[in-house]
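Chemist: So the protein sequences, as listed, match chains A and B.
For the first sequence, position 164 matches number 616 in this note's numbering, and the numbering has no gaps at all.
For the second sequence, position 105 matches number 193 in this note's numbering, and the numbering has no gaps at all.
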Amino acid sequence: MNISMTRIQAILVKDYKEFSRNYAVSIMVLMPLILAFLYNQSGTSSINAYFLPINITFSMVTTYIQCCLIAEEKEKNTLRSLMLSPASLGDILIGKSLFVLIVTIVVLAMSIFLVGYTPANLFVLSIALILSAVFYIALGTLCGLFAKSIMEGSIIVLPVVFIFSFGPLALTLATAYPILKIAEWLPSTQLLLLADALEGKYSITDVIIPLITIIIWSLLSWFFTAIIYKKRMVD
Amino acid sequence: MNTVIDVQHLKKTFNKETALQDVSFTIQKGEIFGFLGPSGSGKTTTIKILTAQTDKTAGSVLLFGQPASEMKQSQNRKRFGILTDNSGLYTRLSIEENLLLYSNLYQLPDSSVKEALDFVNLYADRKKKISQLSKGMIQRVTLARAIMHKPELLFLDEPTSALDPVNTQHIYNGLRKLNNMGTTIFLTTHDMGEAEILCDRVAFLHKGKIRAIGAPNDLKQEFGTDSITVELKNGTQEIIQNGSQDAEKLYQWMQANEVTRINTNEPTLGDIFMQITGSDLV
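1) Would you mind sorting P630/A into buried or exposed? The rule is 16 or more other CB atoms within 10 Å of its CB.
2) Excluding the 5 residues preceding and the 5 following T677/A in the sequence, name in chain order all residues of the same chain whose CB lies nearer than 8 Å to its CB.
3) Does any residue of chain B bring its CB to less than 8 Å from the CB of E470/A?
4) Pop quiz: I273/B and F121/B are said to be a contact at Cβ under 8 Å. What is the actual Cβ separation, rounded to whole angstroms?
5) When the Cβ atoms of the stretch 494-508 of chain A are set against those of the stretch 473-482 of chain A, are three or more pairs found closer than 8 Å?
6) Is A599/A close to chain B, meaning its C-beta is less than 8 Å from at least one C-beta of that chain?
7) Please state whether the Cβ-Cβ distance between I218/B and I226/B is less than 8 Å.
8) By the criterion of Cβ-Cβ separation under 8 Å, what are the contact partners of K466/A in chain B?
9) Rounded to whole angstroms, how far is the Cβ of L464/A from the Cβ of F551/A, which I believe are closer than 8 Å?
10) Look up T317/B in the DSSP assignment and say whether it is helix, strand or coil.
11) Measuring only between beta-carbons, confirm whether L545/A sits less than 8 Å from chain B.
12) Tell me the start and end of each unbroken beta strand (DSSP E) in the stretch 188-248 of chain B that is at least 3 residues and wholly inside, in chain order.
13) Report yes or no: is there a C-beta of chain A within less than 8 Å of the C-beta of I170/B?
14) Only counting the same chain, and skipping five residues up and downstream in sequence, which positions put a Cβ closer than 6 Å to that of T271/B?
15) Consider the Cβ of K166/B: report whether some Cβ of chain A lies at a distance smaller than 8 Å.
16) Looking only at C-alpha atoms, which of G302/B, K160/B, L177/B and L150/B sits nearest to K526/A?
17) Along chain A, in chain order, which residues have C-beta atoms closer than 7 Å to that of L193/B?
18) I need the DSSP call for T101/B, collapsed to helix, strand or coil.
19) To the nearest angstrom, report how far apart L357/B and S129/B are at their CA atoms.
20) Quick one: what's F361/B bridged to in DSSP?
21) Counting only Cβ pairs nearer than 9 Å, list the residues of chain B close to K682/A.
22) What does DSSP give as the partner residue(s) for H294/B in the beta ladder?
23) State the Cα-Cα distance for the pair D94/B and Q163/B, rounded to the nearest angstrom.
24) Identify the contact partners of N454/A in chain B, using a Cβ-Cβ distance below 8 Å as the criterion.
25) Would you kindly work out how many angstroms separate the C-alpha atoms of L193/B and E203/B, rounded to a whole number?
26) List the residues of chain B that K528/A touches, going by C-beta distances under 9 Å, in chain order.
27) Is it the case that the Cβ atoms of G485/A and V559/A are separated by a distance below 8 Å?
28) Compute the Euclidean distance between the alpha carbons of D206/B and V92/B, then round it to the nearest angstrom.
29) For P155/B, does the count of other Cβ atoms within 10 angstroms reach 16, so buried, or fall short, so exposed?
30) Measure from the C-beta of N474/A to each C-beta in chain B and report whether the shortest distance is under 8 Å.
31) Check whether chain A comes within 8 Å of T134/B, counting only Cβ atoms and requiring the distance to be less than that.
32) What residue from A599/A, S497/A and I557/A has the CA that sits closest to N529/A's CA?
33) How is A599/A classed by DSSP in three states: helix, strand or coil?
34) Taking the straight line between their C-alpha atoms, what separation do you get for Q141/B and V149/B?
35) Compute the Euclidean distance between the alpha carbons of N573/A and L181/B, then round it to the nearest angstrom.
36) Just to confirm before moving on: does the CB-CB distance between M483/A and I522/A stay below 8 Å?
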């Protein structure tokens, strides 16, 4: 694939300018920060409580913003113009994703600080968070490719937000409804299980399984994203 | 002359609908070629196939001697520019920011932005946001974006639709300048006047088929009627056919000093289109 750093940077800078002037979308970065602050003030100190703003960041910032950026490009026909330029599929997807990844990392760092969470193993958790961000960016791209407008994108993204943000909570009902055990394999649940394990005595399996699960989710979602992009962006 | 576009027996179907059928034409380097037809005749579909935005169903489509599908390659994208009625500009960004983005995508020096803006006479307005611009200005920005990398081939899809006469003239002047610099232009329009002003050759597209192709003057000769209209001092208009019998009539009127005006009955491209297809260009 033909990839150019100049073109990736051009798309990244353009997305930053557009995002900073689009208050309807950029205001979403405040949601996890406010939530994290309120949780901190309420005195909760469980891993589940810490991870609510983190999972909200992934769904309402990473997925939602990426979805809106792609959907708006489609709605205003700018994505087609980009595709008719020398920018390759890789340049466009990496440029757009890199911007959302940077926003995600900043908001995650601030949310973790505001909620008062001090991870026992910051290095492993950071890797898991970045891998999760890669997955949620793919999910946002996928939602954006299916949407014809920002409005439609905002609706399409809702079930995704619900499933992936609140998926771990479904496990608490798994004894009554065994089907909900499937939620254990969601990347959000795996991230939570990993963080929980890191707080105590953990084996290598406790770290590897969640990481591999998140990697598989990421690879699969990017694979489908690339297919859908090629399919939907050619008439 | 080098052939820039070579289309042979092109066919395109969407599900069971035929959009293009047995379309064949060639365009030589430096030509302005008009693809004329009413809305829905297949003009935009042809541009989409030529620029690798959609695949053909059958036939051969070559650009610069390569299959159209090769136009997806980055280095080939630099060889053509495209202007559509959907501007595809970022409305929250300024004119300059939009062009700077494309200057970086084409990996051009920053000076290319000024050159392009000067070309469309918009340098003074470069800080204005796209959302603040009139339709005519947006069209000029889109033209600046399409030509900033100095493409060998320029596709124009209804370039002056919904523009006022002043802006239309700006666009025409710009296109002539580009053509004089050697750019080949493929123009689609349903405006016959535009085609007559700009095009070296035109093709009439109707319901996905080419009905006639040639230089506007050649088509006028081929499809024109062999007559003139004479206006007489008594207010009547007489149609005179070419030939000795009617020549005698004209001679007598002129001798009697009865003639006030003589008009040729040359058909417009619109008349020819209607004559060939039996339908109007709307």
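From the three backbone atoms N, C-alpha and C, an ideal C-beta is built for every residue, glycine too.
Modeler: Well, looking at it:
1) By the C-beta density criterion, P630/A is exposed, having fewer than 16 other C-beta atoms within 10 angstroms.
2) Cβ contact annotation for T677/A (same chain, cutoff 8 Å, sequence separation greater than five): L545, A590, T593, L594 and L597, in chain order.
3) Taking Cβ atoms only, chain B reaches closer than 8 Å to E470/A, which makes this a yes.
4) So it is a contact: roughly 7 Å between Cβ atoms.
5) When C-beta atoms of the stretch 494-508 of chain A are compared with those of the stretch 473-482 of chain A, fewer than three pairs fall below 8 Å, so the two segments do not count as touching.
6) No - not a single Cβ of chain B is within 8 Å of the one on A599/A.
7) For the pair I218/B and I226/B, the CB atoms are nearer than the 8 Å cut-off.
8) Residues of chain B passing the Cβ test: Y178, L181, E185 and L189.
9) F551/A and L464/A do touch by the CB rule: their CB atoms are close to 5 Å apart, below 8 Å.
10) When secondary structure is reduced to three states using DSSP, T317/B falls in the strand class.
11) Taking Cβ atoms only, chain B never reaches closer than 8 Å to L545/A, which makes this a no.
12) The stretch 188-248 of chain B contains these whole beta strand (DSSP E) runs: 241-245.
13) Chain A places a beta carbon closer than 8 Å to that of I170/B, counting this residue as a contact.
14) Same-chain partners within the cutoff: L242.
15) At least one chain A Cβ lies under 8 Å of K166/B.
16) Closest option to K526/A, Cα to Cα, is L177/B.
17) Neighbours of L193/B in chain A, taken as residues at a C-beta separation under 7 Å, are given in chain order as R459, A462, S537, P538 and A539.
18) Here T101/B sits in strand by DSSP.
19) Taking the straight line joining both Cα atoms gives about 16 Å.
20) Answer by DSSP bridge pairing: none, since F361/B is not bridged.
21) Per Cβ cutoff of 9 Å: no residues; K682/A is ~10 Å from chain B at best.
22) K297/B.
23) Spanning the two alpha carbons is a distance of roughly 20 Å.
24) The answer, in chain order, is Q161 and S162.
25) Cα-Cα distance, rounded: 16 Å.
26) At a C-beta separation below 9 Å, K528/A has these neighbours in chain B: N174, S175, G176, L177, Y178 and T179.
27) Per the sequence shown, residue 485/A should be read as Leu rather than Gly. Yes, Cβ-Cβ distance for L485/A and V559/A is below 8 Å.
28) Distance from the CA atom of D206/B to the CA atom of V92/B, rounded to whole angstroms, is 28 Å.
29) Its Cβ having fewer than 16 others within 10 Å, P155/B is exposed.
30) Yes, contact with chain B.
31) Residue-level contact check: T134/B does not touch chain A, since none of the beta carbons of chain A fall below 8 Å from its beta carbon.
32) When C-alpha distances from N529/A are compared across A599/A, S497/A and I557/A, the shortest belongs to A599/A.
33) Residue state, collapsed to three classes: coil.
34) About 13 Å.
35) Looking at the backbone, the Cα of N573/A and that of L181/B are separated by about 42 Å.
36) Not closer than 8 Å, so no.
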